[in-house]
Amino acid sequence: MFLQLPRRRLALDAPVVMGILNVTPDSFSDGGVHATLEQACERARQMVAEGAGIIDIGGESTRPGAASVSEAEELDRVVPVIERLARELDVVLSVDTTKPLVMREAIRAGAEMINDINALRAESAVETAAASGAAVCLMHMQGEPRTMQQDPRYQDVVGEVHAFLQERIRHCLAAGIGRERIAVDPGFGFGKRLEHNQALLGRLAAFDDLGCPLLAGLSRKSMFGQLLGLPVERRLPASLAAAVLAAWQGARILRVHDVGPTVEALKVAQFARQAGTPAAPTG
Ligand code: YH5
């Protein structure tokens, strides 16, 4: 299995780690734009050295309750980082955005993938993504970031997320985005209670029949805070366990903060997955 990028293919036979690079004012100490650019690039280099295959660059905080960011502000944050990293590194660059203009400029600057938590539902987003030649990640979200955790409800969370992703895949195919350019994501924590996240994590294999590689973002999420009563800085063991469970069920891309530890944990998962099935007994 692979993901088709504009000028090459990303092999997904073994799970790939997508390192999270937030380029928001709160993510780095405030030494001005140049200091921020330099620190963001340094963080990206470090994640590549630790084994990341994709760097996901975001200029808008999409955490529950976060304020939205203007188009101009988001462009100012992400484009310089993408330009610099595209020149410097061979890693796949992904832009984490819901805005068509940001998608277009990010791809012009060297991004090869669009990670959209809104699954290209913004006006002209599908057309923009199609024309760009970039790969896309379609993520499920119920509601919108500001209010999505207020009262999330489902009759059948796995069935509803599956139906949503299927509909978004169809929409992309109709716009000319080939299936080999599409990854799908159940959107852990996006309009979901603990029981919803539990059902999705336990039944990730239910998304196999969509025929697109599965991306899972579980790193440090609130579901582990709820389950374990731990603050965000103590959620690494839970995040590693979840990444391994997701990969064991076939997830091909894991979006994480802690690249090195996740790469090691995923090697163990892949090692077990590659064990040969025992020969059927004869006689
Ligand atoms: C995702 O799952 N998530 S941003 C709250 C946390 C920790 C982490 C403190 N973008 C995803 O990472 N894109 C985000 O608790 C994403 N899939 C894709 N494709 C939220 C996040 C986070 C939020």
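The sequence shown begins at 32 in my numbering and counts up one residue at a time.
Note that the Cβ used here is the ideal one computed from N, Cα and C, for glycine as well.
Classify alanine 150 as buried or exposed, calling it buried when 16 or more other Cβ atoms lie within 10 Å of its own Cβ.
The sequence position of residue 150 within the sequence shown is 119, counting from 1. So alanine 150 ends up on the buried side.
In angstroms, rounded to a whole number, what distance separates the CA positions of arginine 115 and aspartate 187?
Working through the sequence shown from its first residue, we reach residue 115 at position 84. Working through the sequence shown from its first residue, we reach residue 187 at position 156. Whole-angstrom Cα-Cα distance: 44 Å.
If you measure between the beta carbons of leucine 120 and valine 189, is that distance less than 8 Å?
Taking the first residue of the sequence shown as position 1, residue 120 is located at position 89. Taking the first residue of the sequence shown as position 1, residue 189 is located at position 158. Against a cut-off of 8 Å, the Cβ pair of valine 189 and leucine 120 comes out as no contact.
Looking only at its own chain, which residues have a Cβ that is under 6 Å from the Cβ of proline 337, when we skip the five neighbours before and after it?
Residue 337 is absent from the structure shown; the chain starts at 32 and stops at 314.
Is threonine 128 near the ligand YH5, in the sense that its beta carbon is under 7 Å from a heavy atom of that ligand?
Working through the sequence shown from its first residue, we reach residue 128 at position 97. Incorrect: threonine 128 has no Cβ contact closer than 7 Å to the ligand YH5.
Classify glycine 209 as buried or exposed, calling it buried when 16 or more other Cβ atoms lie within 10 Å of its own Cβ.
Here residue 209 corresponds to residue number 178 of the sequence shown, with the count starting at 1. Burial call: exposed.
Quick test of the definition: if touching needs 3 or more C-beta pairs under 8 Å, does the stretch 251-267 touch the stretch 191-208?
no
Report yes if the C-beta of arginine 286 is less than 7 Å from at least one heavy atom of the ligand YH5; otherwise report no.
Within the sequence shown, numbered from 1, the residue matching residue 286 stands at position 255. Because some heavy atom of the ligand YH5 lies under 7 Å away, the Cβ of arginine 286 counts as near it: yes.
At a threshold of 7 Å, does asparagine 228 count as lining the ligand YH5 (C-beta to nearest heavy atom)?
Against the sequence shown, residue 228 aligns to sequence position 197. Flag unset: Cβ of asparagine 228 not near the ligand YH5.
Within a Cβ cutoff of 7 Å, which residues of the same chain sit near alanine 296, ignoring the five residues on either side of it in sequence?
Along the sequence shown, read from residue 1 onward, the residue named residue 296 stands at position 265. Once the five neighbours on either side are set aside, the close Cβ partners of alanine 296 are Leu271, Ala274, Val275.
Are there three or more Cβ pairs, one per stretch, closer than 8 Å when the stretch 94-109 is compared with the stretch 74-85?
no
From what residue to what residue does the alpha helix (DSSP H) around cysteine 72 run?
Along the sequence shown, one-based indexing puts residue 72 at 41. That run of the alpha helix (DSSP H) goes 63-80.
Drop a sphere of 10 angstroms on the beta-carbon of serine 125, count the other beta-carbons inside from all chains shown, and report buried for 16 or more, exposed for fewer.
On the sequence shown, residue 125 is found 94 positions in, with the first residue counted as 1. Serine 125 should be labelled buried.
Start-end ranges of the alpha helix (DSSP H) lying completely within the stretch 74-148, minimum 4 residues:
102-119, 131-140
In the DSSP output, which residue or residues are listed as bridge partners for alanine 166?
Here the question's residue 166 lines up with position 135 in the sequence shown. Note: alanine 166 sits in a beta bridge opposite Met144.
Beta-carbon proximity check, aspartate 240 vs cysteine 168, cutoff 8 Å:
For the purposes of this step, residue 240 is taken as the residue at position 209 of the sequence shown. For the purposes of this step, residue 168 is taken as the residue at position 137 of the sequence shown. Not closer than 8 Å, so no.
Figure out for me which residue from Pro309, Ala137, Phe195 has the closest Cα to the Cα of arginine 327.
There is simply no residue 327 to check, as the chain begins at 32 and stops at 314 in what is shown.
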